[in-house]
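Student: My structure is below; once you've seen it, I'll send some questions.
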Amino acid sequence: MDTDLRHAAVVALGELGRSHDYRDRADAGHSLAAFAEIQEARGLLLELVLDPGDTFVTWRTAEALLRRKDRAGLTIVASALAVANSNPSDWIHTAIVDAFGVFSDDRDEAIRLCEEMSRDTDDRVALGAHQLLEVLAEIDPVLRPG
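The opening residue of the sequence shown carries number 8 in the working numbering; numbering runs sequentially from there.
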């Protein structure tokens with residue numbers, strides 16, 4: 008893994024994420040999700056999930072983070088969910104259903120990770136993880152193991 012190139016990509020996507028055009032911010036959020044484990048990307052991803060200018064940016068960024076199906080993506084979404092007002096919160100909920108509504112194994116693993124995260128020492132992560140758990144528990148996935 009080339010750390011310098013990954014850092015350069017995060018910096019470039021960070022600039023795109025500060026654009027006045029919602030499409031640029033949505034593309035930046037979608038692409039930055041691939042770098043969610045990099046500290047420099049986390050703050051910008053959180054800002055994009057909570058984008059005050061357009062809910063498409065919120066949904067696209069949250070969905071990309073959730074589709075990672077890992078703790079890094081779930082942590083950022085949980086942190087955003089803990090402080091989101093009703094408008095972005097609704098779109099984060101939509102992204103959760105979109106990402107975990109098909110395969111029960113994916114939803115069950117997300118529940119397991121959120122249960123761990125609900126005991127996080129960061130109160131915001133713990134609160135958001137509880138909220139994520141509530142949404143995940145209501146999802147009835149389409150496909151289950153045979």
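Glycine residues also receive a C-beta, built at the ideal position from the N, C-alpha and C atoms.
Leaving aside the five residues before and after Thr-62 along the sequence, list all residues of the same chain whose C-beta is less than 7 angstroms from its C-beta, in chain order.
Tutor: So the qualifying residues of the chain are Asn-94, Pro-95 and Trp-98.
Student: Determine the DSSP secondary structure at Leu-139, reduced to helix, strand or coil.
Tutor: helix
Student: Taking the alpha helix (DSSP H) that Gly-36 belongs to, which residues open and close that run?
Tutor: 29-39
Student: Is there contact here, the region 105-116 with the region 127-136, by at least three beta-carbon pairs under 8 angstroms?
Tutor: no
Student: Are Leu-57 and Leu-39 close, meaning C-beta to C-beta below 8 angstroms?
Tutor: no
Student: For Arg-32, count neighbouring Cβ atoms within 10 angstroms of its own Cβ and tell me buried if that reaches 16, exposed if not.
Tutor: buried
Student: Confirm, please, whether the CB-CB distance from Leu-139 to Val-84 is below 8 angstroms.
Tutor: yes
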